[in-house]
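Novice:
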Amino acid sequence: MSSPVRRDVIRVDLSAGTVSRERVPGDWRHDFLGGKGLGARYLYDELDAGVDPLGPDNRLAFFLGPLSGYLPAESRYAAVTKSPLTGAFLDSYSGGSFADALAGALPDAFGLLVQGAADEPVRLTVADGEVTLGDAAGLWGADAAEVDDALDGAVACIGPAGENEVAYATVASDGGDHHAGRGGAGAVMGAKRLKAVAVHGGPPEPTPKLAALRKEYDDAYRDDDTGRWQAAGETVESVDFANEVGVLSTRGWQGGTFDDAGDIGVEAVREASTGRENEGDAVPGGFRVEADDEESVPRGGALMSLGAGLGIDDFDDVARLGSVCDLLGMDAISAGNAVAWAMRAVDANAVDAAIDADLAFGDADAAVTLLEAIAVRSTDLGDTLADGVEAARERYGAATVPTVKSMELPAYDPRGAAGMALAYATSDRGGCHRRARPVEREAFARDEWSDADRVATVVGAQNVRSTLWSLVVDDFAGETMWEDLGAEWLGAVGVDHGRDSLAALGERVWTLVRLFNVREGFDRADDALPELFEDPLPDGPAAGRTVDREAFEAMLDAYYAARGWSVEGVPTAATAERLGLGPVVDDETPLGSVPAATPSEHDPGRDHSP
0 MSSPVRRDVI
10 RVDLSAGTVS
20 RERVPGDWRH
30 DFLGGKGLGA
40 RYLYDELDAG
50 VDPLGPDNRL
60 AFFLGPLSGY
70 LPAESRYAAV
80 TKSPLTGAFL
90 DSYSGGSFAD
100 ALAGALPDAF
110 GLLVQGAADE
120 PVRLTVADGE
130 VTLGDAAGLW
140 GADAAEVDDA
150 LDGAVACIGP
160 AGENEVAYAT
170 VASDGGDHHA
180 GRGGAGAVMG
190 AKRLKAVAVH
200 GGPPEPTPKL
210 AALRKEYDDA
220 YRDDDTGRWQ
230 AAGETVESVD
240 FANEVGVLST
250 RGWQGGTFDD
260 AGDIGVEAVR
270 EASTGRENEG
280 DAVPGGFRVE
290 ADDEESVPRG
300 GALMSLGAGL
310 GIDDFDDVAR
320 LGSVCDLLGM
330 DAISAGNAVA
340 WAMRAVDANA
350 VDAAIDADLA
360 FGDADAAVTL
370 LEAIAVRSTD
380 LGDTLADGVE
390 AARERYGAAT
400 VPTVKSMELP
410 AYDPRGAAGM
420 ALAYATSDRG
430 GCHRRARPVE
440 REAFARDEWS
450 DADRVATVVG
460 AQNVRSTLWS
470 LVVDDFAGET
480 MWEDLGAEWL
490 GAVGVDHGRD
500 SLAALGERVW
510 TLVRLFNVRE
520 GFDRADDALP
530 ELFEDPLPDG
540 PAAGRTVDRE
550 AFEAMLDAYY
560 AARGWSVEGV
570 PTAATAERLG
580 LGPVVDDETP
590 LGSVPAATPS
600 EHDPGRDHSP
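Residue numbers (numbering that gives the first Met the number 0): 0 to 609.
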């Protein structure tokens, strides 16, 4: 018994109404694996600079990795596209039933590559290696749970926010329990008039060798620090952690601690929980709770942005806000920041009180009303905020809610952990904590960390995660694979990679994404933090701390030098050649001149903050 080898991609052209199968070049499969890496290779190859993210020429990939369906913990898929929120490369990941079903239904393919745009709403059905197009007009307007109920199989879909091209709309699965969340992949789906993808099938059958590896790594994950942390509190523990160390963004980034954090933290979630996701797995998933007769699975980022970020201390209200975002198909972090911006703007009289007279911190009902207006663009304020906080700032001025590359930040305040300042600024998809998360280690040893420690940790984590996201492994269970970066697993399916080549692959993928963004016009000026962080934190254990501008710029210089990029943050020709990207780089992509230093080894350390 042997497992099929993934070699193909299913290309769907919605403008032409066609589906075709094509072979992925062998060097692409070896040098980029799948997931993030293969998505980056396709986007760089097929998109012209400046392509409209919401136009028919953009691509949207639903990509797996070479080991999808076999790896430890929950399966994932990667949604890869050009972001309508940032204009940069976007890779976003989701678990749940859809990833396993896609892996089983397309055992010899990396997934779907969608281009063009349909004239009327459509859906895709995937079964037994085949993909068909069907009508979805009757589903247009339905929320994530309604679509899931209406279609057979495992479903990835958009809600009203995606249909209305909200710049941070998600791709939802399992009725809204899981999302490819940040950056607006759901808006790209909506622009293409693709309402849903339904997949018939279950996970692929592993070989005895793969089954034995799965058990070995499941056991290792169960006994690992990260596995024990996730089993105990999952990502909802992050509310308590961030508050304890004083980096919990509160009331629209006006404080670093929340007096009532315990009311929305891990103990509150445990008390409200009706059970856990994946109860039978080595490590269970998120906590299930009821909110307004709807079941939801709150995550740490949502609790931080929709709870402390909005000054809401009632857990039922926070769960209700999370459920609204889940059903409408909106990223809870960006949506929470959008509502927080509006609350601050009302406080500052920058938004006409007649528009949102009752919008105030702590008011969950008003927050729900605004979230619904954003999702369907039903008011002037909702329509503006649907394009993101920066769009609102440009129109109305006033309050500062921070973004990086136009993406709203998650609720870890970098003033309390300078490594997060570097992680946010250099994140390839915009202000994001999933590329590198030094906050947990640094927050307890702030005065012991040097800038060299911060650079080494951020660069190392970005590279390692680029490898693991090309395998498309669960973000937390993947930490059991950091020793060899998946070489043992790849050997089990006949893919020849050692630890060193996989480390180089991660750096190659990160650099190719940077080249994509450089071609789109991004440079050092975009690797920046807003001035807000030069003001001292007003409260908590990190009170008085700032992001020192001069120190940050020096740290950014060191980061570029470590990567072999120019002082403007552009990879050099020598770096491209060293990573095997010389033949890939096209004439439209500028390359940098002499970097400040040669690259060196980086230890990413390990962290598990969400």
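Beta carbons are placed, not taken as given, at the ideal position from N, Cα and C, and that holds for glycine.
In this text the structure is predicted, and so the values were computed from the model without any measurement.
1. Buried or exposed for Val4, going by 16 or more other Cβ atoms inside 10 Å?
2. Can you tell me whether Lys35 is helix, strand or coil according to DSSP?
3. Just to confirm, is the Cβ distance from Gly381 to Ala372 under 7 Å?
4. Are Val624 and Ala344 closer than 7 Å when you measure CB to CB?
5. CA-CA distance, Gly254 and Ala444?
6. Go through the region 195-279 residue by residue and report every complete run of the alpha helix (DSSP H) that reaches 4 residues or more, in order.
7. Should Leu66 and Trp488 be called a contact, given that it needs their Cβ atoms to be closer than 7 Å?
8. Beta carbon of Leu326, beta carbon of Ala144: below 7 Å?
9. On the CB-based measure, 16 or more other CB atoms within 10 Å of its CB, does Asp386 come out buried or exposed?
10. So, using beta-carbon positions, are Ala460 and Met329 closer together than 7 Å?
11. Ser592: buried (16+ other C-beta within 10 angstroms of its C-beta) or exposed?
12. Using 8 Å as the Cβ pair cut-off and three pairs as the minimum, do the region 227-239 and the region 278-288 touch?
13. Between the alpha carbons of Lys81 and Phe88, how many angstroms are there, rounded?
14. Do you know offhand how far Gly152's Cα is from Val198's?
15. Could you tell me whether the Cβ atoms of Ala614 and Arg75 are closer together than 7 Å?
16. Could you work out which residue in Gly563, Pro582, Val583 and Ser248 is closest to Thr574 when comparing CA atoms only?
17. Excluding the five sequence neighbours on either side, which residues of its own chain have a C-beta within less than 7 Å of the C-beta of Leu53, listed in chain order?
18. If Val508 sits next to Lys35, beta carbons under 8 Å apart, how far is it from one beta carbon to the other, in whole angstroms?
19. Around the C-beta of Arg181, are 16 or more other C-beta atoms found within 10 angstroms, so that it is buried, or is it exposed?
20. Let me check one thing: in DSSP terms, what residues is Ser2 bridge-paired to?
21. Within 8 Å, do at least three Cβ pairs link the region 236-256 to the region 210-223?
22. What did DSSP end up calling Ala352 once you bin it into helix, strand or coil?
23. Tell me Cys156's beta-bridge partners as DSSP assigns them.
24. Taking three-plus beta-carbon pairs below 8 Å as touching, is the region 42-60 in contact with the region 427-443?
Specialist: Reading it off the structure:
1. exposed
2. helix
3. yes
4. Outside the modelled stretch of the chain, which goes from 0 to 609, sits residue 624, for which no answer is possible.
5. 21 Å
6. 207-222, 224-232, 236-244 and 265-271
7. Yes, the pair counts as a contact, with Cβ atoms nearer than the cut-off.
8. In this structure, Leu326 places its C-beta atom within 7 Å of the C-beta atom of Ala144.
9. buried
10. The beta carbons of Ala460 and Met329 sit no closer together than 7 Å.
11. exposed
12. yes
13. 5 Å
14. 5 Å
15. The question about residue 614 has no answer here: the residues shown for the chain are numbered 0 through 609.
16. That would be Gly563, whose Cα lies nearest to the Cα of Thr574.
17. Pro83, Glu164, Ala186, Val187 and Ala190
18. A Cβ-Cβ separation of about 6 Å places Val508 in contact with Lys35 under the 8 Å criterion.
19. buried
20. According to DSSP, Ser2 bridges with nothing at all.
21. Touching, no.
22. At Ala352, the pLDDT of 49 sits below 50, so the modelled position is not reliable; the number obtained from the coordinates is stated separately. Ala352 falls in the coil class under three-state DSSP.
23. Ala171 and Ala195
24. no
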